[in-house]
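A.B. asks:
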Amino acid sequence: MQPLPPESAARLHHSRVRHARGRERRGRASARTGSCRAPGALQVQPDSVQSFPAFRVSPLEPGADPALRRDPAARRPDGDHAQDPRRWHRGRLRSACRRCGRPHAAQRTAHSSERGARVKRLLYLVFLALAGCAGQTSEPSVDTGTIVGEVGEPRNRAKIHTELAAQYYSRGNMGVALEELRIAAAADPSYAPTQSMFGLVYMDLRENQLAESSFERALRLSPNDPDINHNYGVFLCQTRREGQAITYFLQAIRNPLYAAPWKSYSAAGVCTLRTNNLKDAEEFFKRALRLDPEEPISLLSLGQIRYRQGSLDEARKLVSQHNKLVAPSAESLWLALRIERKLGERVAEQSYANQLRRRFPGSPEYQALQRGSFD
239 MQPLPPESAA
249 RLHHSRVRHA
259 RGRERRGRAS
269 ARTGSCRAPG
279 ALQVQPDSVQ
289 SFPAFRVSPL
299 EPGADPALRR
309 DPAARRPDGD
319 HAQDPRRWHR
329 GRLRSACRRC
339 GRPHAAQRTA
349 HSSERGARVK
359 RLLYLVFLAL
369 AGCAGQTSEP
379 SVDTGTIVGE
389 VGEPRNRAKI
399 HTELAAQYYS
409 RGNMGVALEE
419 LRIAAAADPS
429 YAPTQSMFGL
439 VYMDLRENQL
449 AESSFERALR
459 LSPNDPDINH
469 NYGVFLCQTR
479 REGQAITYFL
489 QAIRNPLYAA
499 PWKSYSAAGV
509 CTLRTNNLKD
519 AEEFFKRALR
529 LDPEEPISLL
539 SLGQIRYRQG
549 SLDEARKLVS
559 QHNKLVAPSA
569 ESLWLALRIE
579 RKLGERVAEQ
589 SYANQLRRRF
599 PGSPEYQALQ
609 RGSFD
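Take the position in the sequence shown, starting the count at 1, then add 238; the result is the number in my numbering.
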């Protein structure tokens with residue numbers, strides 16, 4: 239091999255010869271070189287590589303890297319000795335269905351699952367919207383601006399507005415309750431619970447004539463309704479017609495479909511107690527407590543009867559149970575105070591007196607305490 243001239247060596251000291259069998263040549267390099275190269279030109283040894291004095295590779299320390307596999311040339315496609323003999327496949331694309339671990343595979347799986355879940359939720363919402371549009375046949379009707387989309391059948395409308403009136407009545411909003419009842423009556427004048435509810439509202443407003451006419455109208459429409467009979471009995475008892483009131487309470491109790499007979503037993507006991515008929519009143523309260531042992535009115539009223547009878551221990555037990563079930567009232571605190579006073583329990587008596595003064599300073603019971611009228 240002839241040495242290179244000095245000027246050529248100086249010009250080509252940064253050049254290297256591409257390996258022909260190592261597939262480092264550019265496409266069709268041999269053809270072009272052969273066509274333009276004269277005999278005796280530069281590249282006469284195809285396997286030779288010019289040295290790079292400025293770029294030296296430091297020698298590997300023994301044991302720093304794992305040993306190569308035996309006979310690596312046999313494991314390559316064409317026996318070529320590349321720099322990384324076990325990485326020949328990295329110049330190709332991986333199969334999409336290849337079951338091997340890839341960088342960030344878990345994150346890609348999680349992101350894919352999240353995207354799938356979002357797509358499913360979106361499709362579900364779209365399905366619900368389409369189902370709603372398909373099921374809607376007409377625009378909802380509006381009546382007096384109270385309920386949007388209410389049922390058009392008159393009896394159902396009357397029932398809905400009567401139930402709303404009952405809710406407002408229980409909260410003490412009588413004006414709105416009357417407005418709801420007027421809407422219910424306009425929808426179906428023959429709906430008896432609406433007339434009964436009218437009676438309760440007028441009774442609370444002390445419009446006794448309107449209340450009585452409403453109850454009588456309700457009974458004409460449904461004479462065996464237990465709730466209507468009970469409500470009319472309450473009205474009669476408040477207007478000092480106790481005898482007539484008991485008749486309607488018993489009429490309600492006799493109905494086998496009545497859901498709360500203990501309520502009428504308790505009301506009958508209270509009405510009977512106003513006439514000082516302790517024996518019949520006690521029987522009504524006992525029957526109410528057999529059906530509902532935690533009926534608060536019966537507990538307090540039976541405690542009052544036991545106090546009158548001198549059964550102080552039983553009276554204390556009954557009023558204590560009442561005060562645990564519901565918030566103490568002026569009546570229950572006054573009864574408990576008098577029981578403790580008769581039993582000689584001054585500390586307990588003073589405790590009930592403080593509660594009565596703090597909670598109900600304007601009550602008749604507190605005024606009786608100030609006067610010292612304990613009996």
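Glycine is no exception: its CB is placed at the ideal position from the N, C-alpha and C atoms.
#1: Use the C-beta contact count for Val564: other C-beta atoms within 10 angstroms, 16 or more gives buried, fewer gives exposed.
#2: By DSSP, does Gly610 sit in helix, in strand, or in coil?
#3: Sorted by chain position, which residues of the same chain lie with C-beta nearer than 7 Å to Leu416's C-beta, five sequence neighbours on each side aside?
#4: Within 10 angstroms of its Cβ, does Phe612 collect 16 or more other Cβ (buried), or is it exposed?
#5: With a Cβ-Cβ cutoff of 8 Å, do Ala506 and Ile535 count as a contact?
#6: Rounded to the nearest angstrom, what separates Gln588 and Lys555 at their Cα positions?
#7: Whose C-alpha, out of Arg597, Pro494 and Lys501, is nearest the C-alpha of Gly471?
#8: Can you round the beta-carbon distance between Tyr545 and Ala526 to whole angstroms, since I take them to be within the 8 Å contact cut?
#9: With distance defined between alpha-carbon atoms, name the residue in Val557, Tyr486, Trp572 and Val585 nearest to Gln608.
#10: Which same chain residues, not among the five before or five after Ser460, have their C-beta less than 7 Å away from its C-beta?
#11: Tell me the rounded alpha-carbon separation between Gln593 and Arg395.
#12: Give every residue of the same chain whose Cβ lies closer than 6 Å to the Cβ of Arg576, excluding the five residues on either side of it in the sequence, and list them in chain order.
#13: How many angstroms separate the CA atom of Gly437 from the CA atom of Gly582?
#14: Are the beta-carbon atoms belonging to Leu212 and Gln559 less than 8 Å from one another?
#15: Pop quiz: Tyr604 and Ala568 are said to be a contact at Cβ under 8 Å. What is the actual Cβ separation, rounded to whole angstroms?
#16: Quick one, which of Gln447, Ser451 and Arg492 has its alpha-carbon nearest His468's?
#17: Here's the rule I'm using: 16 or more other beta-carbon atoms within 10 Å means buried, otherwise exposed. How should Ala497 be labelled?
#18: Could you give the C-beta distance for Leu495 and Tyr486, rounded to a whole number, given that I count them as a contact under 8 Å?
#19: Please state the DSSP three-state secondary structure of Val564.
#20: For Arg455, tell me which candidate among Arg478, Thr477, Ser428 and Glu445 has the shortest Cα-Cα distance.
#21: Rounding to the nearest angstrom, what Cα-Cα distance links Arg516 and Ser601 in this structure?
#22: Mark Glu578 as exposed unless 16 or more other C-beta atoms lie within 10 angstroms of its C-beta, in which case mark it buried.
#23: Decide if Arg270 is buried, meaning its Cβ has at least 16 other Cβ atoms within 10 Å, or exposed.
#24: Alpha carbon to alpha carbon, how far is Met412 from Ser434?
#25: Leu402 and Glu418 look like a contact to me (Cβ under 8 Å); what is the Cβ gap, rounded to whole Å?
#26: If you compare alpha carbons, which of Thr432, Arg420 and Tyr406 is closest to Lys397?
#27: Taking 8 Å as the cut-off, decide whether the C-beta atoms of Ala425 and Pro464 are in contact.
C.D. replies: Taking the structure as given:
#1: Counted from its first residue, the sequence shown places residue 564 at position 326. The residue in question, Val564, is exposed, as its Cβ has fewer than 16 Cβ neighbours within 10 Å.
#2: For the purposes of this step, residue 610 is taken as the residue at position 372 of the sequence shown. Three-state result, Gly610: coil.
#3: Here residue 416 is taken as the residue at index 178 of the sequence shown, counted from 1. Excluding residues within five positions, the ones whose Cβ falls inside 7 Å are Val439.
#4: Counting from one through the sequence shown, the residue named residue 612 turns up at place 374. Looking at its Cβ environment, which holds fewer than 16 other Cβ atoms inside 10 Å, Phe612 is exposed.
#5: Residue mapping note: residue 506 aligns to position 268 of the sequence shown, counting from 1. Residue mapping note: residue 535 aligns to position 297 of the sequence shown, counting from 1. It is not a contact, given that the beta carbons lie outside the stated cut-off.
#6: If you number the sequence shown from 1, residue 588 lands on position 350. If you number the sequence shown from 1, residue 555 lands on position 317. Looking at the two C-alpha atoms, the distance is approximately 18 Å.
#7: By 1-based counting over the sequence shown, the position of residue 471 is 233. Closest option to Gly471, Cα to Cα, is Lys501.
#8: Stepping through the sequence shown from its first residue, residue 545 is reached at position 307. Stepping through the sequence shown from its first residue, residue 526 is reached at position 288. At roughly 18 Å, the Cβ-Cβ gap does not stay under 8 Å, so Tyr545 and Ala526 are not in contact.
#9: Indexing the sequence shown from 1 puts residue 608 at position 370. For the residues Val557, Tyr486, Trp572 and Val585, the minimum Cα distance to Gln608 belongs to Trp572.
#10: For this step, residue 460 is matched to residue 222 along the sequence shown. Answer for Ser460: Ala430 and Ile466, listed in chain order.
#11: Taking the sequence shown and counting its residues from 1, the one referred to as residue 593 is at position 355. Taking the sequence shown and counting its residues from 1, the one referred to as residue 395 is at position 157. Roughly 47 Å between the two C-alpha positions.
#12: Numbered from its first residue, the sequence shown carries residue 576 at position 338. Closer than 6 Å at the Cβ level, and outside the excluded window around Arg576, lie Phe612.
#13: As a first step, residue 437 must be located in the sequence shown, where it is residue number 199. As a first step, residue 582 must be located in the sequence shown, where it is residue number 344. Cα to Cα, the separation comes out at about 47 Å.
#14: Since the displayed the chain opens at 239 and closes at 613, residue 212 lies outside it and no answer follows.
#15: Position 366 of the sequence shown holds residue 604. Position 330 of the sequence shown holds residue 568. At roughly 7 Å, the Cβ-Cβ gap stays under 8 Å, so Tyr604 and Ala568 are in contact.
#16: Here residue 468 refers to the residue found at position 230 of the sequence shown. It is Arg492 whose Cα lies nearest to the Cα of His468.
#17: Here residue 497 is taken as the residue at index 259 of the sequence shown, counted from 1. That one is exposed.
#18: As a first step, residue 495 must be located in the sequence shown, where it is residue number 257. As a first step, residue 486 must be located in the sequence shown, where it is residue number 248. The Cβ separation is near 16 Å, so there is no contact.
#19: As a position in the sequence shown, residue 564 is number 326, starting the count at 1. Residue state, collapsed to three classes: coil.
#20: As a working mapping, residue 455 is identified with position 217 in the sequence shown. It is Ser428.
#21: Here residue 516 corresponds to residue number 278 of the sequence shown, with the count starting at 1. Here residue 601 corresponds to residue number 363 of the sequence shown, with the count starting at 1. Going by the sequence as given, residue 516 is Leu instead of Arg. If I take the Cα positions, the gap works out to 25 Å.
#22: Start at 1 with the first residue of the sequence shown, and residue 578 comes out as number 340. By the 10 Å Cβ count, Glu578 comes out buried.
#23: Residue 270 sits at position 32 when you count from the first residue of the sequence shown. Only weak support is given to the placement of Arg270: the predicted model assigns it a pLDDT of 47, under 50, and the question is left unresolved by the model.
#24: Along the sequence shown, one-based indexing puts residue 412 at 174. Along the sequence shown, one-based indexing puts residue 434 at 196. Approximately 14 Å between the Cα atoms of the pair.
#25: For the purposes of this step, residue 402 is taken as the residue at position 164 of the sequence shown. For the purposes of this step, residue 418 is taken as the residue at position 180 of the sequence shown. Yes, they are in contact, since the Cβ atoms of Leu402 and Glu418 sit about 5 Å apart, within 8 Å.
#26: Locating residue 397 in the sequence shown gives position 159, where the first residue counts as 1. If we check each option's Cα against that of Lys397, Thr432 comes out closest.
#27: Position 187 of the sequence shown, counted from the start, is the residue given in the question as residue 425. Position 226 of the sequence shown, counted from the start, is the residue given in the question as residue 464. No, these two residues do not count as a Cβ contact at 8 Å.
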